[in-house]
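Q: Our numbering puts the first residue of the sequence shown at 5, with every later residue one more than the last. The beta carbon of each residue, even a glycine, is placed where N, CA and C say it ideally should be. This structure is in structure tokens; I'll ask about it shortly.
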Amino acid sequence: MSNSLHTVTPVVLSSTMSSKVPGCSVYLKMENQQLSGSFKLRGIGYHAQQAVERGATHLVMASGGNAGLALSCAAKIMAVPCTIVVPVTTPAPILHSLELDGARVIVSVDLVHGDDYNSATKRALEEAKNPKSAYIHAYDHPEIWEGHSTIIEELEEQLPCKPEVIVVAVGGAGLLCGILNGLQKIGWADIPVVAMETIGAHCYNLSIQAKKMFYFIVDSVAKSLGARTVCSQALQWAFQFKVLSEVVTDEEAVSSCLQFADEQRVLVEPACGAALSAVYYGTICRLKEQGYLQMKSTHPIVVVIVCGGSGVSLQLLQDWKKSTVVVQTNKVHSNNSRD
5 MSNSLHTVTP VVLSSTMSSK VPGCSVYLKM ENQQLSGSFK LRGIGYHAQQ
55 AVERGATHLV MASGGNAGLA LSCAAKIMAV PCTIVVPVTT PAPILHSLEL
105 DGARVIVSVD LVHGDDYNSA TKRALEEAKN PKSAYIHAYD HPEIWEGHST
155 IIEELEEQLP CKPEVIVVAV GGAGLLCGIL NGLQKIGWAD IPVVAMETIG
205 AHCYNLSIQA KKMFYFIVDS VAKSLGARTV CSQALQWAFQ FKVLSEVVTD
255 EEAVSSCLQF ADEQRVLVEP ACGAALSAVY YGTICRLKEQ GYLQMKSTHP
305 IVVVIVCGGS GVSLQLLQDW KKSTVVVQTN KVHSNNSRD
């Protein structure tokens, strides 16, 4: 993709994580190293570029997290004004980062319904009514998926051979759609993709089980996975590609973040921890034993997309660790969507 706003991120072979999947090599695609802190700069950056090429002179989004940071980063690079409408619950460090990028930040709150994100979305759509303004969705647009698909194009060049499985975290499923799009483009559509969510943010898992779009109130520390529903394309593709939907606890996701910090010296959000837990908490090994993952090659490769995220600190991870031990005792560990 020419003149892209994202960077080509490294692929790292992890010996410690490989030891947890005997006979396999675990490679990490380090999307946390994007300028905005997460993979989202790929898709949102590309979508924003296309909007500007179509004549937009002002970009608008509703987001209180990584999507907003990706758009503010893209807008800064392109020298295009942007407005980010954020829920009142948005953490102060995120607001500060948006402002440092030069974004106009509007804090929205719905005093009647208490639904901050819906209120923010309505306000953002109002802001985008100007003919020269473009509303940029956080994850549900083909151009976003096209941008995210560049991850697969890079993996094709960076890996020693075709992987046996790719692990991704799923929130609104924009990343998943991008991965599946990329696999289709380069002829790797037969590769299984393990889609990881946390209990309380597992709308994709529930949608697959119901075979229809599922909407619910998010109850998880993995706030970046906190979409009330996924994009419809992700549900459609779940039955056309080899998508394996798996769910882990908040405690497992947070613990995975802490193990990853110890081993790789990198901080990531619990949303990313959901993907890492596929290795740390045995999901990949179990899927092998159950026959869902065949691992036919001589030197099988497992790829984990380290999606990153800016809503994390050492103190937050420590706080989440304390809180999830208590909360998880009251939650039921979800089953796999195929069972």
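#1: In chain order, what residues of the same chain lie with their CB nearer than 8 Å to the CB of Leu102, ignoring the 5 residues before and after it?
#2: Please list, in chain order, all residues of the same chain as Met200 whose beta carbon is under 6 Å from its beta carbon, the five residues on each side excluded.
#3: Could you compute how far the alpha carbon of Val270 sits from the alpha carbon of Glu256?
#4: Under the assumption that His152 contacts Leu179 (Cβ atoms under 8 Å), give the Cβ distance between them as a whole number of angstroms.
#5: Does Val330 pass the burial test, meaning 16 or more other C-beta atoms within 10 Å, or should it be called exposed?
#6: Can you tell me the Cα-Cα spacing of Ala238 and Val171, whole angstroms?
#7: Using beta-carbon positions only, say whether Val169 and Ile195 come within less than 8 Å of one another.
#8: Could you check which residue in Thr93, Asn122, Tyr219 and Gly49 has the C-alpha nearest to that of Thr154?
#9: Short check: CB of Lys33 to CB of Thr13, under 8 Å?
#10: What do you get for Asp323, buried or exposed, if any count of 16 or more other CB atoms within 10 angstroms of its CB means buried?
#11: To the nearest whole angstrom, what separates the beta carbons of Leu63 and Ala124, a pair I think is in contact under 8 Å?
#12: Report yes if the C-beta distance between Val25 and Cys289 is below 8 Å; otherwise report no.
#13: Under the assumption that Val307 contacts Pro167 (Cβ atoms under 8 Å), give the Cβ distance between them as a whole number of angstroms.
#14: Please report the straight-line C-alpha distance between Gly95 and Gly176, rounded to a whole angstrom.
#15: Straight-line CA distance for Thr302 to Trp241?
#16: How would you label Ser211, buried or exposed, when you count the other beta carbons within 10 angstroms and need 16 or more for buried?
#17: Suppose contacts are defined by Cβ-Cβ distances below 8 Å. Is Ser67 in contact with Ala142 by that definition?
#18: Measure the alpha-carbon distance for Trp192 versus Ser112 and round it to whole angstroms.
#19: List the whole-angstrom C-beta distance separating Leu9 from Ile81, where the pair is believed to meet the contact cut-off of C-beta under 8 Å.
#20: Quick one: Cα of Ser18 to Cα of Pro135, how far?
#21: Comparing alpha-carbon positions, which option in Thr93, Phe243, Ser22 and Tyr121 lies nearest Gln213?
#22: Could you name each continuous alpha helix (DSSP H) segment of 4 residues or more that falls completely within the segment 245-293, going from the start of the chain to the end?
#23: Per DSSP, which residues does Ser112 bridge with? Please list them.
#24: Given a cut-off of 8 Å, decide if Val272 and Gly313 are closer than it, judged by their beta-carbon atoms.
#25: Reducing DSSP to helix, strand and coil, say where His62 ends up.
#26: Along the alpha helix (DSSP H) that carries His234, what are the first and last residues, could you check?
#27: Just the C-alpha distance for Asn36 and Tyr121, rounded to the nearest angstrom, thanks.
#28: Excluding the five sequence neighbours on either side, which residues of its own chain have a C-beta within less than 6 Å of the C-beta of Gln162, listed in chain order?
#29: Can you tell me where the beta strand (DSSP E) with Thr202 in it begins and where it stops?
#30: Distance check for Ile156 and Ser317, CA to CA, integer angstroms please.
#31: Tell me the DSSP secondary structure of Tyr121 in three-state form.
#32: Ordered along the chain, which non-local residues of its own chain (more than five positions away) have a Cβ less than 7 Å from that of Cys235?
#33: To which residues of the same chain is Leu184 closer than 7 Å at the C-beta, ignoring the five residues directly before and after it?
#34: Thinking just about the alpha-carbon of each residue, which of Ala52, Gln263, Ala107 and Ser22 is nearest to the one in Ile140?
A: Looking at the coordinates:
#1: If you number the sequence shown from 1, residue 102 lands on position 98. Excluding sequence neighbours, Leu102 sits near Gly72, Leu73, Ser76, Ile88, Val90 and Val109.
#2: Locating residue 200 in the sequence shown gives position 196, counting from the first residue. Sequence-distant partners of Met200 (beyond 5 residues in either direction) whose C-beta falls short of 6 Å from its own C-beta, in its chain, are Ala173, Glu250, Ala278, Ala279 and Ala282.
#3: On the sequence shown, position 266 is the one that residue 270 refers to. On the sequence shown, position 252 is the one that residue 256 refers to. Roughly 17 Å separates the two Cα atoms.
#4: Here residue 152 refers to the residue found at position 148 of the sequence shown. Here residue 179 refers to the residue found at position 175 of the sequence shown. Taking 8 Å as the upper bound for CB-CB distance, His152 and Leu179 are in contact here, some 6 Å apart.
#5: Indexing the sequence shown from 1 puts residue 330 at position 326. For Val330, the predicted structure reports a pLDDT of 44, less than 50, and the residue's modelled location is therefore unreliable. The matter cannot be settled from this model.
#6: Walking along the sequence shown from the start, residue 238 turns up at place 234. Walking along the sequence shown from the start, residue 171 turns up at place 167. Ala238 and Val171 have their alpha carbons spaced roughly 15 Å apart.
#7: Counted from its first residue, the sequence shown places residue 169 at position 165. Counted from its first residue, the sequence shown places residue 195 at position 191. In this structure, Ile195 lies closer than 8 Å to Val169 by Cβ.
#8: Start at 1 with the first residue of the sequence shown, and residue 154 comes out as number 150. Ranking the options by Cα distance to Thr154, first place goes to Gly49.
#9: Residue numbering aside, residue 33 sits at position 29 when the sequence shown is read from its first letter. Residue numbering aside, residue 13 sits at position 9 when the sequence shown is read from its first letter. Annotated as proximal: Lys33 and Thr13, with beta-carbon spacing under 8 Å.
#10: Within the sequence shown, residue 323 is the residue found at index 319, counting from 1. Exposed.
#11: Within the sequence shown, the letter at position 59 stands for residue 63. Within the sequence shown, the letter at position 120 stands for residue 124. Distance from Leu63 to Ala124 at the Cβ level is roughly 15 Å; contact not present, criterion being Cβ atoms closer than 8 Å.
#12: Residue mapping note: residue 25 aligns to position 21 of the sequence shown, counting from 1. Residue mapping note: residue 289 aligns to position 285 of the sequence shown, counting from 1. It is a contact, given that the beta carbons lie within the stated cut-off.
#13: Working through the sequence shown from its first residue, we reach residue 307 at position 303. Working through the sequence shown from its first residue, we reach residue 167 at position 163. The Cβ separation is near 5 Å, so the contact holds.
#14: The count along the sequence shown starts at 1 and reaches residue 95 at position 91. The count along the sequence shown starts at 1 and reaches residue 176 at position 172. A small fix is needed here, since residue 95 is Pro in this sequence, not Gly. One C-alpha to the other measures close to 20 Å.
#15: Reading the sequence shown from its first residue, position 298 is the one you call residue 302. Reading the sequence shown from its first residue, position 237 is the one you call residue 241. In a straight line, the C-alpha of Thr302 is about 29 Å away from that of Trp241.
#16: On the sequence shown, residue 211 is found 207 positions in, with the first residue counted as 1. Counting Cβ neighbours within 10 Å, Ser211 comes out buried, since at least 16 surround it.
#17: Translated into positions along the sequence shown, residue 67 becomes position 63. Translated into positions along the sequence shown, residue 142 becomes position 138. In this structure, Ala142 lies closer than 8 Å to Ser67 by Cβ.
#18: To locate residue 192, count along the sequence shown from 1; it is residue 188. To locate residue 112, count along the sequence shown from 1; it is residue 108. Our two residues, Trp192 and Ser112, have alpha carbons roughly 43 Å apart in a direct line.
#19: Residue mapping note: residue 9 aligns to position 5 of the sequence shown, counting from 1. Residue mapping note: residue 81 aligns to position 77 of the sequence shown, counting from 1. Rounded, the Cβ-Cβ distance is 5 Å, consistent with contact.
#20: The count along the sequence shown starts at 1 and reaches residue 18 at position 14. The count along the sequence shown starts at 1 and reaches residue 135 at position 131. Straight-line measurement puts the Cα of Pro135 at about 49 Å from the Cα of Ser18.
#21: The residue labelled residue 213 in the question sits at position 209 within the sequence shown. Distances from the CA of Gln213 to each of Thr93, Phe243, Ser22 and Tyr121 were compared; the closest alpha carbon is that of Phe243.
#22: Taking only runs of at least 4 residues, the alpha helix (DSSP H) segments lying wholly in the segment 245-293 are 254-268, 274-284 and 287-293.
#23: Locating residue 112 in the sequence shown gives position 108, counting from the first residue. Answer is Pro91, bridged to Ser112.
#24: For this step, residue 313 is matched to residue 309 along the sequence shown. For this step, residue 272 is matched to residue 268 along the sequence shown. In this structure, Gly313 places its C-beta atom within 8 Å of the C-beta atom of Val272.
#25: Mapped onto the sequence shown, residue 62 falls at position 58. In this structure, His62 counts as strand in the three-state DSSP scheme.
#26: Position 230 of the sequence shown, counted from the first residue, corresponds to residue 234. Residue identity check: residue 234 is Val in the sequence provided, not His. Where Val234 is concerned, there is no enclosing alpha helix (DSSP H), given that its DSSP letter is neither H nor E.
#27: Taking the first residue of the sequence shown as 1, we reach residue 36 at position 32. Taking the first residue of the sequence shown as 1, we reach residue 121 at position 117. Taken atom to atom, the span from the alpha-carbon of Asn36 to that of Tyr121 is near 25 Å.
#28: To locate residue 162, count along the sequence shown from 1; it is residue 158. The residues are Val15.
#29: Taking the sequence shown and counting its residues from 1, one reaches residue 202 at position 198. It spans Val197 to Thr202 - the beta strand (DSSP E) in which Thr202 sits, taken as one unbroken run.
#30: Here residue 317 refers to the residue found at position 313 of the sequence shown. Here residue 156 refers to the residue found at position 152 of the sequence shown. Straight-line measurement puts the Cα of Ile156 at about 29 Å from the Cα of Ser317.
#31: On the sequence shown, position 117 is the one that residue 121 refers to. DSSP places Tyr121 in helix when its eight states are reduced to three.
#32: Position 231 of the sequence shown, counted from the start, is the residue given in the question as residue 235. Around Cys235: Tyr143, Asp144, Gly176, Ala177, Gly178 and Cys181.
#33: Here residue 184 is taken as the residue at index 180 of the sequence shown, counted from 1. Apart from sequence neighbours up to five positions away, the residues of its chain that approach Leu184 with a beta-carbon distance below 7 Å are Val197, Trp241 and Phe245, ordered along the chain.
#34: The residue you call residue 140 lines up with position 136 of the sequence shown. That would be Ala52, whose Cα lies nearest to the Cα of Ile140.
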